[in-house]
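Visitor: Chains as they are written, first to last, in numbering that gives the first Met the number 0: chain A, 0 to 316; chain U, 0 to 280. Each residue gets a CB set at the ideal place from its N, CA and C atoms; glycine is no exception. Computed from a prediction, not measured in an experiment: that's the story for all the values here.
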Amino acid sequence: MKEYINKGSKDTRSGFGDGLTELGQSNENVVALCADLTGSLKMDDFKANHPERFFQVGIAEANMIGMAAGMTIGGKIPFTGTFANFSTGRVYDQIRQSVAYSGKNVKICASHAGVTLGEDGATHQILEDIGLMKMLPGMTVINTCDYNQTKAATKAIADYDGPVYLRFGRPKVANFTEDNQDFQIGKAVHLYEGSDVTIIATGHLVWEAIQAAVELNEKGISAEVINIHTIKPLDEEAVIASAKKTGCVVTAEEHNFLGGLGESVARTLASHHPTPQEFVATDDCFGESGTPAQLMEKYGLNAAAIVKAAEKAIKRK
Amino acid sequence: MPNINELQDFVTQVRRDILRQVHKVNSGHPGGSLGCAEFFTALYQEVMDHNTSFNMDGKDEDLFFLSNGHISPVFYSVLARSGYFPVEELNTFRLIDSRLQGHPTTHEGLPGVRIASGSLGQGMSVALGAAQAKKLNKDAHLVYTLHGDGELQEGQNWEAIMYAAGNNVDNLISTIDLNGQQIDGSTEKVLPLGNLRAKFEAFGWDVMEIEDGNDLQQVIDGLKEAKTRTGKGKPVCILMNTVMGNGVDFMMHTHAWHGKAPNDEQLEKGLSQNPETLGDY
Chain A
0 MKEYINKGSK DTRSGFGDGL TELGQSNENV VALCADLTGS LKMDDFKANH PERFFQVGIA
60 EANMIGMAAG MTIGGKIPFT GTFANFSTGR VYDQIRQSVA YSGKNVKICA SHAGVTLGED
120 GATHQILEDI GLMKMLPGMT VINTCDYNQT KAATKAIADY DGPVYLRFGR PKVANFTEDN
180 QDFQIGKAVH LYEGSDVTII ATGHLVWEAI QAAVELNEKG ISAEVINIHT IKPLDEEAVI
240 ASAKKTGCVV TAEEHNFLGG LGESVARTLA SHHPTPQEFV ATDDCFGESG TPAQLMEKYG
300 LNAAAIVKAA EKAIKRK
Chain U
0 MPNINELQDF VTQVRRDILR QVHKVNSGHP GGSLGCAEFF TALYQEVMDH NTSFNMDGKD
60 EDLFFLSNGH ISPVFYSVLA RSGYFPVEEL NTFRLIDSRL QGHPTTHEGL PGVRIASGSL
120 GQGMSVALGA AQAKKLNKDA HLVYTLHGDG ELQEGQNWEA IMYAAGNNVD NLISTIDLNG
180 QQIDGSTEKV LPLGNLRAKF EAFGWDVMEI EDGNDLQQVI DGLKEAKTRT GKGKPVCILM
240 NTVMGNGVDF MMHTHAWHGK APNDEQLEKG LSQNPETLGD Y
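Written out as structure tokens, the structure reads:
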């Protein structure tokens, strides 16, 4: 069994910041907007290197989204930065009308998604953002798994013409994917081939899925693990092919089971190849204060929860 | 350049177009549209440096963003009669498979429209982005916006108003259509706007007024004066007094025709007060 090595835990938001720094040097049309969270979003380097292309909008997210839409008129490629909660729920109508419906080339980059932002508590821990964004026609939705992948995705979305929601997080998580990887929007990444169960994970739960597969292997269960960084458009072919091979599926995400990756997978399978599926996700609830590890344990978002779900899925075959 | 009489004829024809568009589909917003016929005519026929061979990026030309998108009938009429798309297409207003949606959109690719609007309060933010992009592109052209007065009740406007002054966005001219009416009644009754001049000035804008926004010469002069105030470190606000439903006597001075179409008889009456000038579509 292939061993995936954590090359040193890093926060995914730093992957975004470092990707943006490189974009600043490589693409003069890239501009960045931030709603008073420059440090949290790791946008300081871009700001320092390209002050004329950095727009501090203050605590005014609605204006930020509208301005980003306007900047595309004139050929700019705007990257907006704030927490996931303020990037989506707070400005849903602005994104809907001025970005998605208007077909503007805006990159909505969101940190501090999910319960693992930790101690700030439920007011800031959005678990509905993937659902909100994936329901918008034409919106691409990406949730990256580690520092390297976030950096690669940040650079890749600048070359893609259309609105994108890029979701990442606050805490340091295992960094295990390749440096300078080729990031293909909408293309699933197979981490393990397996025959008994398919684990489809997104975000930092991909690392948990790897740990779960190792544990399942020790129990004699062969798990296929797929890293879905792009929730929309979903790599349906990869999902269907794997479900056909293993006969049951577990989806894992730091998001409400309503509206997330799991639902997208379930819809795909229901239409093409009905398959038993278990959902590792939050159970239609709000989060709370705590450390990321405590919250992942309490809300069932870790390797142990994935193992349990896999065993249950296999029994339903 | 057309003379003032020719422009006045243009305004009259635009009013006819507004009435005929909303009458045909028995829906739409004639009141605010009629009140802004002079503004749109002045902007597109006299004031803006714009290119009817439409390009979304709009580099090296002035841009206009309509924030209160429900007054689409006046926008469509003036765009068509300025050469952005065939005037006959006004026949498709609000019909299925049309580019002339109830509220303006980019979705169907209608030339002249650069952003969807209708959900109120978003236009100034978009204009700010476009204005900042112009500065980055070393493009000295201007960005114009129009907002309903009731629309200023949306908080996003005040985020944008604060940003514009705080960041010296001085290539922006935002006009507020002060007709004092909104769907539920007068702005005074629904939610008073207070002293808008004082508010904009307190936020750091250069504020001017057009006393009668339905006097074409005043609108042209006002917009031209606003242009001379750009490039001086402050965004420019024009408070433009208009009469909702202007030019159709029974639609004037009331919110009743905000979002209601005339019946056959009312249409004839309205058209008789605005005789055909440039030819109906």
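Cβ-heavy atom distance between L300 of chain A and the ligand FMN below 7 Å?
Guide: Of ligands this structure carries none, so the ligand FMN is not represented either.
Visitor: State the start and end residues of the unbroken alpha helix (DSSP H) segment that holds H22 of chain U.
Guide: Here the question's residue 22 of chain U lines up with position 23 in the second sequence. 3-24 is the span of the alpha helix (DSSP H), which, as asked, contains H22 of chain U.
Visitor: Would you verify that the beta carbon of Q183 of chain A is, or is not, closer than 8 Å to some beta carbon of chain U?
Guide: Here residue 183 of chain A refers to the residue found at position 184 of the first sequence. With 8 Å as the cut-off, Q183 of chain A does not count as an interface residue toward chain U.
Visitor: Roughly how many angstroms lie between the CA atoms of L233 of chain A and K134 of chain U, to the nearest whole one?
Guide: As a first step, residue 233 of chain A is located in the first sequence; it is residue number 234 there, counting from the start. As a first step, residue 134 of chain U is located in the second sequence; it is residue number 135 there, counting from the start. Cα to Cα, the separation comes out at about 38 Å.
Visitor: Give every residue of the same chain whose Cβ lies closer than 7 Å to the Cβ of A173 of chain A, excluding the five residues on either side of it in the sequence, and list them in chain order.
Guide: Sequence index remark: in the first sequence, residue 173 of chain A carries index 174 (1-based). So the qualifying residues of the chain are N5, S8, D145, W206.
Visitor: Find out if the Cβ-Cβ distance for the pair L42 of chain U, F64 of chain U is shorter than 8 Å.
Guide: The residue you call residue 42 of chain U lines up with position 43 of the second sequence. The residue you call residue 64 of chain U lines up with position 65 of the second sequence. Contact: no.
Visitor: Name, please, each residue of chain U whose Cβ falls closer than 7 Å to the Cβ of V56 of chain A.
Guide: Along the first sequence, read from residue 1 onward, the residue named residue 56 of chain A stands at position 57. In chain order: Y162.
Visitor: Write down the C-beta distance between A159 of chain U and N104 of chain A rounded to the nearest angstrom, noting that I regard them as a contact closer than 8 Å.
Guide: The residue given as residue 159 of chain U occupies position 160 in the second sequence. The residue given as residue 104 of chain A occupies position 105 in the first sequence. The Cβ separation is near 21 Å, so there is no contact.
Visitor: Do three or more CB pairs link the stretch 180-195 of chain A to the stretch 64-73 of chain A at distances below 8 Å?
Guide: Judged by Cβ distances under 8 Å, the stretch 180-195 of chain A makes no contact with the stretch 64-73 of chain A, as fewer than three pairs qualify.
Visitor: Using CA coordinates, which residue listed in A:Q96, A:E287, A:A151, A:A34 is at the minimum distance from L22 of chain A?
Guide: Working through the first sequence from its first residue, we reach residue 22 of chain A at position 23. Minimum Cα distance to L22 of chain A is reached at A:A151.
Visitor: Using a C-beta to C-beta distance shorter than 7 Å, which residues of chain U count as neighbours of D92 of chain A?
Guide: Here residue 92 of chain A is taken as the residue at index 93 of the first sequence, counted from 1. Within chain U, the residues near D92 of chain A are S118.
Visitor: Check the Cβ of R113 of chain U against every Cβ in chain A and list those closer than 9 Å, keeping chain order.
Guide: Taking the first residue of the second sequence as position 1, residue 113 of chain U is located at position 114. The answer, in chain order, is G69, I72, S101.
Visitor: Tell me whether D10 of chain A sits in a helix, a strand or coil according to DSSP, three-state version.
Guide: Stepping through the first sequence from its first residue, residue 10 of chain A is reached at position 11. Here D10 of chain A sits in strand by DSSP.
Visitor: With a CB to CB cut of under 6 Å and the five nearest residues on each side skipped, what residues in its chain are close to G246 of chain A?
Guide: Numbered from 1 along the first sequence, position 247 holds the residue referred to as residue 246 of chain A. Closer than 6 Å at Cβ, skipping near neighbours: K316.
Visitor: Less than 7 Å between C-beta atoms, sequence neighbours within five positions excluded: which residues of the same chain meet that for S32 of chain U?
Guide: Here residue 32 of chain U is taken as the residue at index 33 of the second sequence, counted from 1. Cβ neighbours of S32 of chain U beyond the five flanking positions: I17, I70, P72, V73.
Visitor: My parser needs the beta strand (DSSP E) runs of 3 or more residues fully inside the stretch 196-241 of chain A; what are they?
Guide: Counting whole runs of 3 or more residues, the stretch 196-241 of chain A contains the beta strand (DSSP E) stretches 196-200, 222-226, 229-231.
Visitor: Just how far apart, CA to CA, sit S110 of chain A and C33 of chain A?
Guide: Start at 1 with the first residue of the first sequence, and residue 110 of chain A comes out as number 111. Start at 1 with the first residue of the first sequence, and residue 33 of chain A comes out as number 34. C-alpha separation (whole angstroms): 12 Å.
Visitor: Select from the stretch 94-126 of chain A all residues with a C-beta closer than 7 Å to any C-beta belonging to chain U, and list them in chain order.
Guide: Within the stretch 94-126 of chain A, the qualifying residues are Q96, S97, Y100, S101, G102.
Visitor: Looking only at its own chain, which residues have a Cβ that is under 8 Å from the Cβ of G232 of chain U, when we skip the five neighbours before and after it?
Guide: Reading the second sequence from its first residue, position 233 is the one you call residue 232 of chain U. Once the five neighbours on either side are set aside, the close Cβ partners of G232 of chain U are N167, D169.
Visitor: For the alpha helix (DSSP H) that M63 of chain A lies in, which residues bound it at each end?
Guide: Residue 63 of chain A sits at position 64 when you count from the first residue of the first sequence. Looking at the DSSP string, the run of the alpha helix (DSSP H) that includes M63 of chain A is 60-71.
Visitor: If we ignore side chains and look at the alpha-carbon of each, how far apart do E27 of chain A and T11 of chain U end up?
Guide: Taking the first residue of the first sequence as position 1, residue 27 of chain A is located at position 28. Taking the first residue of the second sequence as position 1, residue 11 of chain U is located at position 12. Near 47 Å, if we compare the C-alpha coordinates of T11 of chain U and E27 of chain A.
Visitor: Hey, would you say L145 of chain U sits closer than 8 Å to T174 of chain U, going by beta carbons?
Guide: Reading the second sequence from its first residue, position 146 is the one you call residue 145 of chain U. Reading the second sequence from its first residue, position 175 is the one you call residue 174 of chain U. Contact: yes.
Visitor: Could you give the distance in angstroms between the alpha-carbon of M317 of chain A and the alpha-carbon of G203 of chain U?
Guide: Residue 317 of chain A lies beyond the residue range present for chain A, which begins at 0 and ends at 316; the question has no answer from this structure.
Visitor: Looking only at its chain, what residues have a beta carbon closer than 8 Å to the beta carbon of P275 of chain A, apart from the 5 residues adjacent to it on each side?
Guide: Taking the first residue of the first sequence as position 1, residue 275 of chain A is located at position 276. G246, C247, V248, A312, R315, K316.
Visitor: Taking three-plus beta-carbon pairs below 8 Å as touching, is the stretch 180-194 of chain A in contact with the stretch 210-230 of chain A?
Guide: In short, these stretches touch, since the Cβ pair count reaches three.
Visitor: Taking F85 of chain A as the reference, give the member of A:E177, A:T176, A:R166 with the closest Cα.
Guide: Against the first sequence, residue 85 of chain A aligns to sequence position 86. Here the closest residue by C-alpha is A:R166.
Visitor: What is the residue span of the beta strand (DSSP E) that T174 of chain U lies within?
Guide: Within the second sequence, numbered from 1, the residue matching residue 174 of chain U stands at position 175. Segment 171-177, the beta strand (DSSP E) holding T174 of chain U.
Visitor: Among A:I125, A:A302, A:M42, which has the Cα closest to the Cα of A208 of chain A?
Guide: Counting from 1 along the first sequence, the entry for residue 208 of chain A is found at position 209. Closest by alpha carbon: A:A302.
Visitor: Using a C-beta to C-beta distance shorter than 7 Å, which residues of chain U count as neighbours of N62 of chain A?
Guide: Walking along the first sequence from the start, residue 62 of chain A turns up at place 63. Here the neighbours are S124, Q155, E158, A159, Y162.
Visitor: State the CB to CB distance for the pair S76 of chain U and T51 of chain U, rounded to an integer number of angstroms; the pair is presumed to be in contact (CB under 8 Å).
Guide: For the purposes of this step, residue 76 of chain U is taken as the residue at position 77 of the second sequence. For the purposes of this step, residue 51 of chain U is taken as the residue at position 52 of the second sequence. Actually they are not in contact, since the Cβ atoms of S76 of chain U and T51 of chain U sit about 14 Å apart, beyond 8 Å.
Visitor: In the DSSP output, which residue or residues are listed as bridge partners for P77 of chain A?
Guide: Residue numbering aside, residue 77 of chain A sits at position 78 when the first sequence is read from its first letter. In the DSSP output, where bridge partners are listed per residue, P77 of chain A has A:V30.
Visitor: Does the CB of G65 of chain A have a neighbour CB from chain U at under 8 Å?
Guide: As a working mapping, residue 65 of chain A is identified with position 66 in the first sequence. Taking Cβ atoms only, chain U reaches closer than 8 Å to G65 of chain A, which makes this a yes.
Visitor: Between U:M161, U:D148, U:F9, which has its C-alpha nearest Q55 of chain A's C-alpha?
Guide: Taking the first sequence and counting its residues from 1, the one referred to as residue 55 of chain A is at position 56. Closest by alpha carbon: U:M161.
Visitor: Tell me whether K148 of chain U is buried or exposed, calling it buried when 16 or more other Cβ atoms sit within 10 Å of its Cβ.
Guide: The residue labelled residue 148 of chain U in the question sits at position 149 within the second sequence. The question names Lys, yet the displayed sequence has Asp at residue 148 of chain U. Buried, because 16 or more other Cβ atoms sit within 10 Å of the Cβ of D148 of chain U.
Visitor: Who pairs with T139 of chain A in a beta bridge, going by DSSP?
Guide: On the first sequence, position 140 is the one that residue 139 of chain A refers to. In DSSP, T139 of chain A forms a bridge with A:V163.
Visitor: Closer than 9 Å by beta-carbon distance: list the chain A residues that pair up with N136 of chain U, in chain order.
Guide: Sequence index remark: in the second sequence, residue 136 of chain U carries index 137 (1-based). Correct list: G73, G74, K75.
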